[in-house]
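In the UniProt record's numbering, the protein residues as written are 1 to 498.
Report on the following structure.
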Ligand SMILES: NC(=O)C1=CN([C@@H]2O[C@H](COP(=O)(O)OP(=O)(O)OC[C@H]3O[C@@H](n4cnc5c(N)ncnc54)[C@H](O)[C@@H]3O)[C@@H](O)[C@H]2O)[C@H](O)CC1
Ligand SMILES: [K+]
């Protein structure tokens, strides 16, 4: 699904009017209807307060107030500004003609909220810029401390549609009904906390307009990833599903390779090799029955001819899980320069890249899978700077290095060499355990071996990894989820998508 920046909304409104002859008043009416439709899912709630700001978000709020009144609910409107414009003004006139109580003085707000079941936030929408001050700031504080159910129209007030998310006053919603298409910031980790449950509602924008409208950010939804699933046929053999190699492991870190191996195998790979230090061979062999274990020679010069042979066998390679960064530079550089297929650089592979500081090693068919700390080591920005504006930072660096970057987090941002960013929101806090990333690397490795491009493998892999965690959590909760549980749950994740 396409994700919008704040500025896209005005452009879409204009296209609706000019090309499709749909006035914004109709879109506003539709928006109000869809918000009310959502409210009706909560039968216990009968008393509503709508907070109305000076823009069109307030206009939507006024439609909601009218429609709730028509349905017989008790509705109060708190108006922050008398002087509304355009469609919002029309809707204010209508509300004024009805017996809906209107309030304007701030001291009355506490009492009104006290008597309310649900607060509807129509203070600011995507037209909001900068930071909240003055009376608006006090209103947001009152909403947030009310303890009442808060439903945000389009976006929690104070959150911009896109761009850097500063620490500031923002409405904390229980649910956000976003209009037409989701806004970028609603999909990011921090924005999701403010939005609460996110619902996207169609407001009558013609599908032709949405299909033709170009965005460079997408929400990874089932309809996108379903198209990426590798095909399996009855008439096939292990050669049909590709070969992959995992290069990783070091003393005390064999688990990372085992997790990645299980994941690649459960992701449907035909044949899997692991390339590990001599002292790990036994451990890997006794834990991963389906993979073939290759031994790393210490003397790289002696090892090169053998290694070249190994590398020639595979279409995809994962380097980094538990690899260590001690004396690995030469081997790492040699593999990056001599493996022509698709490479996932994870964990210590990323740390080696940051240590070597030679980004010319990165190619179009490489995927980097950093968490924010690893990303920070590579690009030299702080973790805070990265998290404040992750979409644009991922976009900038995946374009700069001309590769795919998977910035892992509760929302994972996937950037491609062409500057597209895909946001993934499957997954849950059960994934916050060391080893989850190794599983992700393994899943992507398996998908790449089966013929997916780096862009496709990253998208489908990240989605499936989160979906597997969600499937487990549905049955067993989040607390005890372990990375080792994920490969097995992949079976159900695939089944859900096929
Ligand atoms: N196509 C659609 O999706 C439609 C969405 N609708 C709704 O319209 C809003 C956007 O409306 P807009 O009038 O552009 O902006 P806001 O309602 O967000 O109002 C902002 C308002 O506040 C002023 N402002 C901006 N920043 C600040 C600030 N820091 N402090 C104080 N005031 C600020 C600004 O000047 C505006 O006056 C969208 O979110 C939807 O809810 C349409 O109803 C239908 C089409
Ligand atoms: K709002």
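By construction, the Cβ of each residue, glycine as well, lies at the ideal position given by its N, Cα and C atoms.
Where DSSP assigns a beta bridge to residue i, which residues make up the other side?
i	result
residue 295	276
residue 412	424
residue 316	244 and 342
residue 152	121 and 176
residue 51	78 and 121
residue 199	177
residue 218	2 and 422
residue 417	In DSSP, residue 417 forms no bridge with anything.
residue 15	DSSP, once it has assigned bridges, lists no residue as partnering residue 15.
residue 271	243
residue 183	4
residue 188	Residue 188 pairs with nothing; no bridge assigned.
Taking residue i as the reference, which of the options has the closest Cα?
i	options	result
residue 71	424, 36, 94 and 89	36
residue 128	323, 161 and 62	161
residue 473	427, 215, 73 and 22	427
residue 97	62, 80, 115 and 131	62
residue 392	422, 250 and 90	422
residue 348	342, 333 and 360	333
residue 342	448, 401, 313 and 357	448
residue 230	401, 366, 445 and 155	445
residue 40	498, 489, 402 and 177	177
residue 33	394, 42 and 66	66
residue 269	469, 331, 239 and 76	239
residue 401	376, 389 and 367	367
residue 130	163, 105 and 113	163
residue 330	298, 455 and 317	298
residue 439	475, 454 and 486	486
residue 117	132, 189, 89 and 44	44
residue 76	152, 89, 398 and 112	112
residue 356	344, 397, 346 and 378	378
residue 216	417, 476, 482 and 492	417
residue 100	135, 88 and 64	64
residue 576	414, 361, 389 and 110	Nothing can be reported for residue 576: it is not among the residues displayed for the chain, which extend from 1 to 498.
residue 451	154, 246, 316 and 219	316
residue 328	276, 203, 310 and 311	276
residue 313	365, 245 and 22	245
residue 205	141, 22 and 108	22
residue 153	115, 60 and 12	60
residue 89	68, 47 and 28	28
residue 380	236, 397 and 106	397
residue 361	376, 395 and 403	403
residue 119	227, 494, 74 and 83	74
residue 5	182, 19 and 300	182
residue 135	114, 156 and 107	107
Taking the alpha helix (DSSP H) that residue i falls in, what are its first and last residues?
i	result
residue 222	222-226
residue 121	Here residue 121 belongs to no alpha helix (DSSP H); instead the beta strand (DSSP E) covers 118-122.
residue 492	485-497
residue 463	454-476
residue 26	24-39
residue 368	From DSSP, residue 368 is part of no alpha helix (DSSP H) but of the beta strand (DSSP E) over 366-368.
residue 57	56-70
residue 392	390-401
residue 502	The structure shown does not extend to residue 502, since the chain spans only 1 to 498, so no value can be given for it.
residue 84	It is not in any alpha helix (DSSP H) - residue 84 carries neither H nor E in the DSSP assignment.
residue 140	134-145
residue 262	254-266
residue 531	Nothing can be reported for residue 531, as the shown portion of the chain is limited to 1 through 498.
residue 207	207-212
residue 325	Neither: residue 325 is in no alpha helix (DSSP H) and is coded neither H nor E.
residue 378	372-379
Quick check on the DSSP output: the beta strand (DSSP E) that includes residue i runs from which residue to which?
i	result
residue 404	404-407
How about residue i: is its C-beta nearer than 8 Å to some C-beta of chain C?
i	result
residue 81	Although the question refers to chain C, the structure presented lacks it and comprises just one protein chain.
**Item:** Three CB pairs or more closer than 8 Å across the stretch 459-471 and the stretch 329-340
**Value:** No, the stretch 459-471 is not in contact with the stretch 329-340.
**Item:** Contact the stretch 266-284 vs the stretch 340-359: 3+ CB pairs below 8 Å
**Value:** No contact exists between the stretch 266-284 and the stretch 340-359.
**Asked** Per the contact definition of three or more C-beta pairs closer than 8 Å, is the stretch 285-299 in contact with the stretch 259-268?
**Response** Output reads yes: the stretch 285-299 touches the stretch 259-268.
**Message:** Does the structure place the stretch 366-382 close enough to the stretch 407-414 that three or more beta carbon pairs sit under 8 Å?
**Reply:** At 8 Å Cβ cutoff, the stretches touch.
**Request:** Could you name the residues whose beta carbon sits closer than 7 Å to any heavy atom belonging to ligand 2, keeping them in chain order?
**Result:** Listed by chain position, these are 57, 121, 122, 123, 124, 125, 152, 153, 154, 155, 156, 157 and 171.
**Message:** Would you call the stretch 303-317 in contact with the stretch 422-439, where contact means no fewer than 3 C-beta pairs closer than 8 Å?
**Reply:** Contact fails: fewer than three Cβ-Cβ distances are below 8 Å.
**Asked** Does the stretch 48-57 come within contact of the stretch 112-131, defined as at least 3 CB pairs closer than 8 Å?
**Response** These segments touch.
**Request:** Could you tell me whether the stretch 138-152 touches the stretch 379-399, using the rule of 3 or more Cβ pairs below 8 Å?
**Result:** No, they do not touch.
**Asked** Would you say the stretch 318-325 touches the stretch 239-259, given that touching needs at least three Cβ pairs under 8 Å?
**Response** Short answer: they touch.
**Asked** Any chance the stretch 165-175 sits against the stretch 192-199, with 3 or more Cβ pairs inside 8 Å?
**Response** Touching, yes.
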